[in-house]
Structures are given as structure tokens and as C-alpha cells.
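Chains as they are written, first to last, in my numbering: chain A, 1 to 379; chain B, 1001 to 1379. One structure is given below, encoded as C-alpha cells.
Protein chains: 2
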Amino acid sequence: MNETPTIHPALLPAGLADVLPPEAERQARSSEAIMDCFSAHGYQRVTPPLLEFEESLFSGSGAALAEQTFRLMDPESQRMMGLRADTTPQIGRLATSRLAAVPRPLRLAYCGQVLHVRGTQLQPERQLSQAGIELIGHDTAAADAEIILTAIAALEAVGLKDLSVDLTIPRLVPSLLDEVPAHLHPALAHALDRKDAAAVAELGGAQTTLLLSLLSSSGSASRAVPALLSADLPAAARAQAKRLAEVVSAVQTVLPGLQLTVDPVEFRGYRYHTGVSMTIFATGQQMELGRGGRYLCGDAEPATGITLYPDSIIRLAPPLALRPRLYLPHGTSPADAQNARVRGYATVPGLAPEAAPGDEARRLGCSHLLFEGVITALS
Amino acid sequence: MNETPTIHPALLPAGLADVLPPEAERQARSSEAIMDCFSAHGYQRVTPPLLEFEESLFSGSGAALAEQTFRLMDPESQRMMGLRADTTPQIGRLATSRLAAVPRPLRLAYCGQVLHVRGTQLQPERQLSQAGIELIGHDTAAADAEIILTAIAALEAVGLKDLSVDLTIPRLVPSLLDEVPAHLHPALAHALDRKDAAAVAELGGAQTTLLLSLLSSSGSASRAVPALLSADLPAAARAQAKRLAEVVSAVQTVLPGLQLTVDPVEFRGYRYHTGVSMTIFATGQQMELGRGGRYLCGDAEPATGITLYPDSIIRLAPPLALRPRLYLPHGTSPADAQNARVRGYATVPGLAPEAAPGDEARRLGCSHLLFEGVITALS
Chain A
1 MNETPTIHPA
11 LLPAGLADVL
21 PPEAERQARS
31 SEAIMDCFSA
41 HGYQRVTPPL
51 LEFEESLFSG
61 SGAALAEQTF
71 RLMDPESQRM
81 MGLRADTTPQ
91 IGRLATSRLA
101 AVPRPLRLAY
111 CGQVLHVRGT
121 QLQPERQLSQ
131 AGIELIGHDT
141 AAADAEIILT
151 AIAALEAVGL
161 KDLSVDLTIP
171 RLVPSLLDEV
181 PAHLHPALAH
191 ALDRKDAAAV
201 AELGGAQTTL
211 LLSLLSSSGS
221 ASRAVPALLS
231 ADLPAAARAQ
241 AKRLAEVVSA
251 VQTVLPGLQL
261 TVDPVEFRGY
271 RYHTGVSMTI
281 FATGQQMELG
291 RGGRYLCGDA
301 EPATGITLYP
311 DSIIRLAPPL
321 ALRPRLYLPH
331 GTSPADAQNA
341 RVRGYATVPG
351 LAPEAAPGDE
361 ARRLGCSHLL
371 FEGVITALS
Chain B
1001 MNETPTIHPA
1011 LLPAGLADVL
1021 PPEAERQARS
1031 SEAIMDCFSA
1041 HGYQRVTPPL
1051 LEFEESLFSG
1061 SGAALAEQTF
1071 RLMDPESQRM
1081 MGLRADTTPQ
1091 IGRLATSRLA
1101 AVPRPLRLAY
1111 CGQVLHVRGT
1121 QLQPERQLSQ
1131 AGIELIGHDT
1141 AAADAEIILT
1151 AIAALEAVGL
1161 KDLSVDLTIP
1171 RLVPSLLDEV
1181 PAHLHPALAH
1191 ALDRKDAAAV
1201 AELGGAQTTL
1211 LLSLLSSSGS
1221 ASRAVPALLS
1231 ADLPAAARAQ
1241 AKRLAEVVSA
1251 VQTVLPGLQL
1261 TVDPVEFRGY
1271 RYHTGVSMTI
1281 FATGQQMELG
1291 RGGRYLCGDA
1301 EPATGITLYP
1311 DSIIRLAPPL
1321 ALRPRLYLPH
1331 GTSPADAQNA
1341 RVRGYATVPG
1351 LAPEAAPGDE
1361 ARRLGCSHLL
1371 FEGVITALS
């Protein structure tokens, strides 16, 4: 029998990490600033548990997440539970059960951790923060636009500028492929994803002209929306395109300077979305800051929502100012200590008499020293 | 074969629950107020992951928690991981690895969720919030007292008053039982726990007199400390008693009004503690608000810390005021909406024209209405 080799006790599983000072505090504060913005926009916070039965976690929109979900046995009930891989399906469960009788539209917000069984090359992390909102019970462009505008406000609240929203209709392409043989769908999806017009022309069959026109109509909303509206779409797809145009118009009315792009053939990563969907980027950065879109809550009720990714957001946001660290020499009075905290310092008390308080302050990484009643910045 | 019966999709496993509005926001804000107080006292936040390898989770002080820890297989490494049941062992791992070279004393804070395999009758919840601090690298009464005073400050920051701290030395009784036959230890522990003097007298053997004197010396610190110091203790136990007396004196110097009790025979629930330990209650309430004490970090370095329980704290704290909800009739300008948010309202916009904005505001549970540019409280 092989012995498993001993691993270093400080080693963490791949994709799981400790967040250290000062990042951990910055991360928590940014998340709370986002949540305060959601709250100001009328979204009320709910906190579902980290674990629940797989039956409820994978019902409805949650089914798409089963393979990314850690499962474990509940010894109390002898049933399988899952560690949530996404929060939206939990909000859906709440909206259709304990909150079913609450008047619509229902505006809910959440903030917490999710866990994924496997990381990807683009996203090796397996524990991720999510801060999001859901607007349940209204199938209108006004609701779609509100979700986008609220997310932008939250990102601006943590100091991000130059944001860019990429809009899509993830069900559009799949709805056009009925006449293309099913075995060609994966290759066609891949070709559309790569924006490979030659391959689309080769695989698209009867829909080649339409798919190529959609492919060429991706880009800035001001150009893409008219192109999409003039494409020869079937009725259901046309209705979705019209909705997207209304959303663009509603967002531009409030934020005329926001960069809006439309990519009508994009559908990767939208697992349970049924209508206008969006990804938010910082302009010129590849990093996704948030993603969301329209879906059916509990398989029946119209809903839209967006999830922001605080771990990514904090990498691009200007660093939050934290309390400067003030060393209090041993014997400092409790009143002086409290006074310094009220003035915004983090107080670091000496636990034993020190010969040179300035040296001790520096040794402990303090930027300031309280000496003979006066706060001095250390050089 | 029996089919497992279908369960209601909204049913959650025992001990796991959704937190709804407005409690979820109050809970999050209370935790952040506690963390801000810890930060003001020089404790820097760290955020360890929810999952790590069992080898690291159960090393050192974590061993006591193995049976309460959910385990699952990591498909990436084919190793077992655990979902943390406590945060202190993770802080210990960090202190002895990535933070090993950071100057001592090291002051760290954390806030997050822990999960327990089974609930107890007293605590049926299996997902619990923890917000705590650890002071690592200093074995002094000043360090023990700092932990208590900082925890009290954090509880007062969320509006709690009339707090009571119960101090103990959980290793005291076990250190006295060497001369009592081992098979009597469980019954004796139970008798001490129940404060059953008759049973202690029956089981205590050579230590009966000493155990009964300790039993009778529990109570208010002003009475219990002199009694404890005058007990006929062996040298090591006497040193611990002296330390406890120093801690009481250091705490009383800063907070003379704080209710301090000492129960020298208490050791239930202190699983890895090696020195002065404490539980914080609200006076007259049975509910524990926090618990902690001295331990060995990474099996070697002196440390002390305390964990507060935000879920219990919020039940006793005065409710935090949240933003009043203001209904914005359909068509309200973005500038008016923003102005209301800046003034502290949570804005709830109408997504479609409404005949009677006041009725719609009430239907959505708003307390205020914006009408013709004026904010009015709804009756």
C-alpha cells in the first residue's frame, strides 16, 4: 500500500487562498459599499445558507450548476446537500416559497461566498465572492435597465470609472439553429464564439446569411442595434431584439456616456438566461466585473438580476483608505486611546514598558506614535 | 427498493436557515460594526477560505473540532478537505506560516461563517457567524485583559449594555485530578459542572477539600479571586490563579463597572484552551455572546483570543435603523432619485405608470412617497 505523502500543513487546496491585511479589510469594505448602494436602490438583503439539499439547490435555474457543486452527506437527514456554487438559484427558491406572498416587483440583494468544484484556466479560484441583486416579477425593459443602472451605480460607489456593458440575447442563436443539423451545432457555436465568418459560412446552411449578418452587427450599441433590428429574424427573435433596443435606449437616457456594446451571437457563460443579458467590464480590461440577465424564477416568474464579483472589482478599484496605525506606548491612558480611535486611528498598544517607543512603533509597522500626548507621524 | 420520498423544494436541512429582510441587513451591519471596532483597536483583518485540507484544519488546536467538521473530497488533489467548524485554527495556521515573520504581538481579526456537522439542543443552528480577534505572541495578563476589553468595546459598539464576563481556568480542575482514579473523572466532572457538592465530596478522594473550596469560591470576582488565591493549590495551578487575579485587576482598572464573575471549576466548551478563558453574557440572559481564552498557537506560541457570535448579538442588540423606503412614481427623474438616496432613503421606483402612487407605495411596503417633488411620510 502506498502511503499518501505528508503535505505541508500551511498548503491550501488549489484555488483556495487566505486574504491577508490590508486586502481582507479592503475587500470586506468594498463589498459592504456595494451592498449599501443596492440597499439605497431599494434592494433588500437576504442571506441564504451556504449548504442546502441538492434537490432545492439544483431545481429550476440551479440545474446548470450541478457539476460545479461540492456535495456532502447530511448525517441528520441522510440526504445529500450541496455547497452553493451560485446564489441566484437560492434567491429563486426564496422568492417562490417564503417570499411568494410578498408584493411584486420583489427587489432582493445578497452578498456571500460561493464554491466551485473546479477552477478554470481563466478563473482558477474555487471560492468566489458574489454581491448581487434580483428584480423579480416584472418582464419589462425598465426592469432590465434598472438592473444595469444599479450595478453601474454600485461599481461607481467603490470608485470604478470607465465601465463598459456588453449586452447579448443568449437564446437568439440557439433559436435560429432548428434548421441546422444538430451534429453541426457545437462546431457552429465555436465558430460564432471565435467570430470566424468563414467557418460560419461553411456550417450555417440555410441560416448562413442571417448568422453572418448577426456576426457583423456586433459592436458599439449605436451601430449594432439598428443592424440587429433590420436583420431578417423570425418573430420570437425579433421580439427579443426589440427588447434589447428598448433596454439600450432606457440605459442611454440615464447614462448617455456609458459605453454599451452589443454582441448578438454571444451565449457562452449564460447558463439559465432567457432574455437580455449583460456582462460588465472596465473599459480596456479583460476582467469581468459582473454578469447577469433575464431568467425565469422558479421556472415561471419573470425575473432579471446581476451578480458583481467583489474579488475582481477590488483589483481595479482605487484602494480604500484604512485607519492609520498609531502606537500607544505602554501605560497610555484608556481615555487617550479612545480619543485616538474616535479621531480615526487604529491604536496599537504596548503590552510592556518599552525603552524606545518610536522604535517599537516602527517595529510593529505603525505610521504614527502617541508621545507625551501628541500624535506624530513617523518618518 | 424503497424510493426516497420527495421533499418540498423549499425545505432546508435542520439547523440551516435563510435570513430575510430586514434582519439580513441588520446582521451584516452589526458584524461590520464589530469588525470596525476590532480594526480601531489595532486588529487587522484576515480572511481564510471556507475549505481547506483536513491535515491543516485539524492540526494543533483544530484537532478538537474534527468530529464537528463536514468533510469532502477535493477532486483536484484527491485529498479530503474540511469545511471549517471554527476560525481560530485557521488563524493559527496563518500565524505560523505566511505571517510567521510578522513582528509580535500579532493582532488579527476575522469575520465569517462556520459550519457544524450536528446542532445541539442548546444550539440547533449548524451554520454560525463568528467575528473574532487573536492576539499572538504575548503571554501576559495585559494581553488577556486586552482581549476582554476589546470584545466589550465591540459589543458596546452595537448598542449592547449590561455585559457580564465569566472567567475561568479550564485546565485547573483537570490538573488536580491526577490522584483521583481515572474511571471517576467523568462522574466528577459532571458533579462539578452541576455544582453538586455532595457528589464532589463522594468522588473527590484526596482532593475533596480542595475541590469543595474551589466550588464554593465561584461567583462575583471581588469575592472569588481572594478565595481562589487562598486555596491550597499546587504550584502550577497557583500560578494560573495568580494570572487570573491579574487579569481581573487589569480589566477592573479600565472598566470598574463591568460585571466580572469567576467560576474556577468551569471547563465545559473550552476545547483547546490552556489559560485564563472567558465567556461573555448579557447580564440576566442565558445567551452566550462570545467565548475565548488563552491557547497555544501552532502548539508553541502563546496566544489568546475571543470569538463573538453575531447571530446571538443581534437578537439582544437594539435594532439598527435602516434606510426608510421611499416610493418614486414612474417617471421620477434620475436626479430626484439620486437626491433622495443621498438624503438617506432607499428608493423604490415604479416600473410602469400607476393610477394612485400612494396606493402603490403602500402595496410595496414603502413608508414614504415622493409626490410633486416633495417627500411625504405615508400614514
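In this text, a Cβ means the ideal position worked out from N, Cα and C, and glycines have one as well.
Considering Cα atoms alone, identify which of A:Ala235, A:Glu76, A:Val276 is closest to A:Asp166. Minimum Cα distance to A:Asp166 is reached at A:Val276.
I'd like to know whether the C-beta atoms of A:Pro329 and A:Pro357 end up nearer to each other than 8 Å. Cβ distance < 8 Å, so A:Pro329 and A:Pro357 count as in contact.
Top-ranked residue by Cα proximity to B:Ser1213, from B:Leu1176, B:Leu1308, B:Pro1103: Relative to B:Ser1213, the option among B:Leu1176, B:Leu1308, B:Pro1103 whose CA is nearest is B:Leu1176.
What's the C-alpha gap between A:Tyr345 and A:Pro319? If I take the Cα positions, the gap works out to 18 Å.
Find the nearest neighbour of B:Leu1385 within the set A:Val348, A:Ile147, A:Pro105, judged by alpha-carbon distance. As displayed, chain B neither begins before 1001 nor continues past 1379, which places residue 1385 of chain B out of reach and without an answer.
What residues in the stretch 1114-1140 of chain B have a beta carbon less than 9 Å from any beta carbon of chain A? So the close ones are Leu1115, Val1117, Arg1118, Gly1119, Arg1126, Gln1127, Leu1135, His1138, Thr1140.
Taking 7 Å as the limit between beta carbons, can you name the residues of its chain near A:Ala245, skipping five residues before and five after? Only Val225, Leu229 meet the Cβ criterion.
On the three-state DSSP scale, how would you describe B:Asp1018? Three-state result, B:Asp1018: coil.
Please report the Cβ distance between B:Pro1022 and A:Gln44, rounded to the nearest whole angstrom; I am assuming they are in contact, meaning their Cβ atoms lie under 8 Å. The Cβ separation is near 7 Å, so the contact holds.
Going along chain A in order, which residues have a C-beta closer than 8 Å to the C-beta of B:Pro1042? The sequence given here has Gly at residue 1042 of chain B, not Pro. What B:Gly1042 touches in chain A: Arg325, Ala346, Thr347, Val348, Pro349.
So, for B:Asp1193: in the same chain, excluding its five sequence neighbours on each side, which residues have a beta-carbon less than 7 Å away from its beta-carbon? Excluding residues within five positions, the ones whose Cβ falls inside 7 Å are Arg1268.
From the DSSP output, which residues share a beta bridge with A:Thr88? Beta-bridge pairing links A:Thr88 to no other residue.
Please state whether DSSP places A:Glu67 in a helix, a strand or coil. Secondary structure of A:Glu67 (DSSP, three-state): helix.
Pick helix, strand or coil for B:Asp1166, following the three-state DSSP scheme. Strand.
8 Å Cβ cutoff, A:Val46 in contact with chain B: Look at A:Val46: its C-beta is under 8 Å from a C-beta on chain B.
Is B:Thr1096 helix, strand or coil when you go by DSSP? In this structure, B:Thr1096 counts as helix in the three-state DSSP scheme.
Apart from the five residues just before and just after A:Glu54, which ones in its own chain have a Cβ nearer than 7 Å to its Cβ? These residues qualify, in order along the chain: Arg71, Met80, Met81, Gly82.
Within 8 Å (strictly less), CB to CB, does A:Thr89 reach chain B? Going by the sequence as given, residue 89 of chain A is Pro instead of Thr. Chain B contact via Cβ: absent.
Give me, in chain order, the residues of the same chain whose beta-carbon lies closer than 6 Å to that of B:Glu1003; leave out the 5 immediate sequence neighbours on both sides. With a pLDDT of only 47 at B:Glu1003, under the threshold of 50, the placement of this residue in the model should not be trusted; the figure read from the coordinates follows. In its own chain, leaving out the 5 sequence neighbours on each side, no residue places its CB closer than 6 Å to the CB of B:Glu1003.
Chain-ordered residues of the stretch 1164-1180 of chain B with a beta carbon less than 9 Å from chain A: For the stretch 1164-1180 of chain B, which is checked against every Cβ of chain A, not one residue is closer than 9 Å.
Taking buried to mean at least 16 other C-beta atoms within 10 Å of its own C-beta, is A:Gly293 buried or exposed? A:Gly293 is buried by the Cβ-count criterion.
Under 8 Å Cβ-Cβ, which residues of chain A neighbour B:Gln1027? In chain order: Thr47.
Measure the C-alpha to C-alpha separation of B:Val1254 and A:Ser61 and round it to an integer number of angstroms. Near 55 Å, if we compare the C-alpha coordinates of A:Ser61 and B:Val1254.
Distance check for B:Lys1195 and B:Leu1215, CA to CA, integer angstroms please. Roughly 7 Å between the two C-alpha positions.
For A:Thr283, collect the residues of the same chain with a Cβ closer than 8 Å to its Cβ; drop the 5 residues on either side in sequence, then sort them by chain order. Correct list, in chain order: Asp162, Leu163, Ser164, Gln259.
Following the continuous beta strand (DSSP E) through B:Leu1255, name the residue where it begins and the one where it ends. Going by DSSP, B:Leu1255 is part of no beta strand (DSSP E) at all; its letter is neither H nor E.
Residue burial classification, A:Ala361 (beta-carbon count within 10 angstroms, cutoff 16): Under this definition A:Ala361 is a buried residue.
Anything in chain B within Cβ reach of A:Val19, meaning under 7 Å, just list it in chain order. Correct list: Val1046, Thr1047.
Whose Cβ in chain A lies nearer than 9 Å to the Cβ of B:Val1383? The first residue shown for chain B is 1001 and the last is 1379, placing residue 1383 of chain B beyond what the model contains.
Label A:Ala48 either buried or exposed according to how many other C-beta atoms from any shown protein chain fall within 10 Å of its C-beta, with 16 as the threshold for buried. Here the sequence assigns Pro to residue 48 of chain A, which means Ala is not the residue at that position. Around the CB of A:Pro48, 16 or more other CB atoms lie within 10 Å, so the residue is classed as buried.
Report the residue from B:Arg1118, B:Arg1029, B:Ala1153, B:Met1035 whose alpha carbon sits nearest the alpha carbon of A:Ile34. Among B:Arg1118, B:Arg1029, B:Ala1153, B:Met1035, the Cα nearest to that of A:Ile34 is on B:Arg1029.
Determine the burial state of B:Val1342: buried for a count of at least 16 other Cβ atoms within 10 Å of its Cβ, exposed for fewer. Exposed is the call here.
Using DSSP with H/G/I as helix, E/B as strand and the rest coil, what is A:Pro261? According to the sequence shown, residue 261 of chain A is Thr rather than Pro. For A:Thr261, the secondary structure class from DSSP, reduced to helix, strand or coil, is strand.
Under the assumption that A:Ser135 contacts A:Thr307 (Cβ atoms under 8 Å), give the Cβ distance between them as a whole number of angstroms. The sequence given here has Leu at residue 135 of chain A, not Ser. Between A:Leu135 and A:Thr307 the beta-carbon gap is near 13 Å, outside 8 Å, which marks them as no contact.
Cβ neighbours of B:Gly1365 in the same chain (closer than 7 Å, five flanking residues each side left out): Arg1325, listed in sequence order.
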